[in-house]
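Worksheet: the structure to be examined is printed underneath.
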Amino acid sequence: MALLALRLRTFVKRLSALSRHPYFGFVVFGIALVVLRLFALGGIVPNSLAKSLTVTMIYAIVALGFSLLLGYAGLASLGTAGFVGLGTYFIGHFSGTLGQTFAVTLAVSLAGAVVLGAVVGFISLRIEGMYLAIITLGLSEIMREIFKSFTAFTNGVNGLEFRNFTLFGAPVSEFAVDMIVIVVFILLILGTLNIIKSPTGRALLAMKNSDSAAQSMGIGLMRHRLLAFVLATLYAVIGGLLYMMDQKFSIPTTWSLDFSLNILAAVVVGGAQSITGIILGTFMIFGLNMTVLKEIAFFREFPDATWIVSGLLIILITMFYPGGLIRLINAIRFKLTAAIRKIRAKWRAYRYGEDD
Amino acid sequence: MLEKLLYVVLGAVGVYFAVDLLVFRRLAKRPLYRTRLQNALLLVAIVVGLLLAIREMTLYLFLQIVFLNIVEMCVLVLATTGIVLIFKTSVTTNFAQGTIATVGAYAAAKLIIRLTAETDLPTTTKLILAMIASAVVTFLIGLFIDTVIFRNSKYSNPVGKQMITMGIVLVLFGLMPVLFGLLPLTIEAFSYEGRIIEIPGMMPLYLPYHNLIALAITVGMLVLLFAALRFTKWGLGVRATASNETVAGMMGVNTKVITALSWAIAGTFGGVAAFLFAPIGSGLSVAFMTPVQVNAFLASILGGFSTFGGPLVGAVMINLFSSIASAINSVWTNVIVYVLVLLLVLVKPLGLFGRKTAKKV
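If you read the sequences in order, they're chains X and F. If you use numbering that gives the first Met the number 0, the first sequence corresponds to residues 0 to 355, in order. If you use numbering that gives the first Met the number 0, the second sequence corresponds to residues 0 to 360, in order.
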């Protein structure tokens with residue numbers, strides 16, 4: 000009996016040590032998502048909720064890449080929509096229309112993302128600040144025109160359908176796609192965490208605060224800007240691949256300025272430098288519409304009116320909490336812990352008497 | 000024609016490097032001469048390119064397309080002016096410019112329906128009243144945004160302001176269907192007729208009256224704006240605020256009023272632009288000004304935000320480019336234009352008329 004208790008105690012101790020690992024929270028989050036999806040499979044949770052969460056996760060992946068760019072490298076880009084769209088068309092064309100294996104698609108997509116990211120990175124060396132945002136917006140528009148007009152690749156304005164997705168020769172069910180999304184999402188979160196904490200992440204942060212200071216400390220501007228853009232583009236293209244697996248349809252009108260702005264909003268609302276913040280922000284901007292608001296009668300009558308909520312959220316948060324929701328939450332948490340400490344001190348004073 | 004254009008570009012690049020290496024290397028003010036040479040070569044290349052394109056597509060076709068595109072040009076110029084005005088005083092790019100304008104156009108369309116149902120005014124009067132309504136609505140929205148939102152935002156940096164403008168876009172996107180209903184609305188053109196212009200030695204050209212009226216309104220508004228900037232106290236204030244907001248405030252310029260008025264006037268320009276643009280598309284929709292806005296941003300970048308006139312030239316150039324490109328290849332028009340603008344901006348990162356300001360470290 001005593002042995003069992005000892006074992007239990009060591010187990011708890013190990014677990015608490017493990018829980019301090021930076022990965023722990025996100026892995027638990029991933030497991031929770033898997034469990035939620037299983038509940039949806041069992042019919043305990045509505046299926047639509049699970050579907051909207053999957054889409055939100057895909058957007059969160061894109062937002063993660065964008066946060067590396069905006070929150071760490073300090074480069075404002077409005078080209079996200081074009082890159083995500085490109086990802087959807089890569090998988091739609093190579094896996095769908097041409098019937099290639101997924102490995103080929105993945106190789107082509109990632110190579111395409113790297114090349115494109117490097118090109119934008121080179122542009123960012125010459126053009127900075129708001130000019131860069133508008134130039135990337137122009138690039139995104141070029142890509143949207145290509146999506147519209149290059150019908151052999153994208154099926155033009157009618158949109159590209161992507162059915163019968165197969166992996167290793169077997170068709171992939173909806174449930175399997177959701178699992179893939181969850182796994183990729185968690186892996187990318189861990190990857191982002193590693194990049195942020197690595198010398199590269201620190202270099203990016205230094206570059207954001209001051210170009211000149213970073214350069215004088217020996218940080219290569221070109222290398223890191225290219226890297227930031229390549230990473231952001233990779234995340235966006237991966238997001239596009241997953242989007243196509245999940246939604247099975249891609250149309251040029253989706254990949255307009257609104258999409259880029261929404262990703263930007265998600266990152267800013269949540270807090271550009273915190274992964275938890277970005278997940279929260281993405282849920283606020285995209286997930287809230289799909290899960291909560293559409294149940295309200297007013298928003299059923301005017302589906303577009305859900306924009307008002309996210310718009311107001313963005314305005315209020317930028318006006319009063321520029322650090323994003325995560326900073327608001329942290330502030331509340333600090334206040335709460337302070338209050339609890341105070342109450343506890345009072346309780347002690349009451350119970351054991353005042354200290355002299 | 001493409002080969003010839005390529006020769007022009009290659010020639011310009013060759014001349015630039017040859018002169019730079021052979022002549023300028025021995026001179027003291029090399030960077031200054033370099034920029035001047037760049038400007039001159041760019042000008043020559045653009046003019047030669049335009050002339051080549053015109054020769055390729057014949058002068059008649061060129062003039063006809065330009066005449067038909069006058070409205071687009073006016074709308075683009077008005078929208079660009081609004082964006083530049085706000086950039087000058089608030090140092091942010093206003094993503095809501097197009098959406099605010101759309102609200103104005105919706106209000107105008109609603110007013111026209113109301114007037115048609117309740118009064119029997121002639122069409123032109125109705126349209127003029129509607130245009131004024133559009134301008135007033137957008138004026139008020141601009142004023143509201145600056146006085147209520149921007150003035151009260153605690154920590155404002157350029158990216159934060161950008162975010163706020165995009166929040167405004169979303170709010171207005173959501174509000175428009177609620178306020179104006181889900182039925183499709185339209186605004187009529189001032190006139191659906193046109194004038195045949197005979198030029199000796201050429202086929203007759205067709206010039207719609209709506210375009211002429213749009214041009215007159217645009218030129219009138221621009222003249223008023225530039226006169227105001229040059230001669231009024233507000234204009235002086237705008238110029239002072241544009242050069243340095245803090246110092247302007249210390250010198251007794253009421254920067255708050257200046258900024259609020261700039262937002263309002265920028266809104267008005269957008270409202271009139273949307274009103275003029277509405278008849279030539281396929282009815283009003285929530286996002287019908289978005290392409291104009293994207294082009295206006297590119298025009299501002301092409302001209303450079305440093306001057307008021309530069310972006311306007313940029314807007315006219317983008318319109319000319321797209322006129323020519325649409326004659327050469329109607330499918331890839333926008334791609335050609337965007338790539339051209341991108342290349343020009345890569346050559347001159349601060350815009351064609353941009354001035355370099357020294358950066359403090």
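Every residue gets a Cβ at the ideal spot worked out from N, C-alpha and C, and that includes glycine.
Considered as a whole, the segment 210 to 264 of chain X harbours 210 to 215, 220 to 246 as its complete alpha helix (DSSP H) runs of no fewer than 4 residues, in chain order.
Across the segment 303 to 333 of chain X, CB contacts with chain F closer than 7 Å involve D303, A304, T305, W306, I307, S309, G310, L311, I313, I314, T317, M318, F319, P321, in sequence order along the chain. By the beta-carbon neighbour count (other beta carbons within 10 angstroms, threshold 16), P207/F is buried. Per DSSP, the unbroken alpha helix (DSSP H) holding Y59/F starts and ends at 58 to 67. Annotation note: the segment 95 to 149 of chain F contains the following uninterrupted alpha helix (DSSP H) runs of length 4 or greater, listed N- to C-terminal: 96 to 117, 122 to 143. Under the rule that a run must span 3 or more residues, no beta strand (DSSP E) segment is found entirely inside the segment 22 to 60 of chain X. In the displayed model, A75/X falls within coil according to three-state DSSP, outside both helix and strand. Out of V312/F, L174/F, L319/F, the CA that lies nearest to the CA of E300/X is found in L174/F. Comparing C-alpha distances from S259/X to each of L292/X, S66/X, F248/X shows the shortest one belongs to S66/X. Nearest neighbour of I317/F by Cα position, chosen from P121/F, T146/F, A326/F, N294/F, turns out to be N294/F. By the Cβ neighbour-count rule, A298/F is buried, with 16 or more other Cβ atoms within 10 Å of its own. When the alpha-carbon of Y234/X is set against those of Q272/X, G270/X, T191/X, the nearest one is in T191/X. The closest CA to that of M221/X, considering only I237/X, F25/X, A72/X, S197/X, is found on A72/X. In the DSSP assignment, the residues bridged to L206/F are R194/F. The beta carbon of I69/F is closer than 6 Å to those of N210, L214 in its chain, skipping five residues each way along the sequence. The alpha carbon of I216/F has as its nearest neighbour, out of V74/F, F296/F, E55/F, K3/F, the alpha carbon of V74/F. Taking 9 Å as the cut-off, the Cβ atoms of G155/X and S148/X count as close. At a Cβ-Cβ threshold of 9 Å, A104/F and L283/F count as neighbours. Close partners of F301/X in chain F (Cβ separation under 7 Å): P176, V177. The closest CA to that of G48/F, considering only F16/F, R33/F, A27/F, L9/F, is found on L9/F. DSSP places A265/F in the helix class (H, G or I) of the three-state scheme. Residue burial is scored here from C-beta neighbours: V103/X has fewer than 16 other C-beta atoms within 10 angstroms and is therefore classed as exposed.
Comparing alpha carbon positions, the residue from G219/F, I111/F, L51/F, I264/F closest to L142/F is I264/F. A direct Cα-Cα distance of roughly 31 Å separates L84/F from R224/X. Against chain X, the CB of Q161/F has a partner CB under 9 Å away; the residue lies at that interface. S261/F and V291/F have their C-alpha atoms roughly 20 Å apart. L292/X has its alpha-carbon roughly 11 Å from the corresponding atom of D303/X. Within chain F, the residues V158 have their CB atoms less than 7 Å from the CB of A75/X, given in chain order. Taking every protein chain shown into account, the CB of Q63/F has 16 or more other CB atoms within 10 angstroms, so this residue is buried. Interface annotation, V74/F: not in contact with chain X, CB-CB separation never under 9 Å. Contact annotation: G266/F and I314/X have beta-carbon atoms that are not nearer than 9 Å. Judged by DSSP secondary structure, I141/X falls within the alpha helix (DSSP H) whose first and last residues are 128 to 148.
Pairing V107/X with K247/X, the inter-Cα distance amounts to about 19 Å.
CA-to-CA, the gap between V312/F and R150/F works out to about 32 Å. Taking one beta carbon from each stretch, the segment 28 to 41 of chain F and the segment 51 to 59 of chain F have fewer than 3 pairs nearer than 8 Å; the two do not touch. Of the other Cβ atoms in all chains shown, fewer than 16 fall within 10 Å of the Cβ of F174/X; this residue is therefore exposed.
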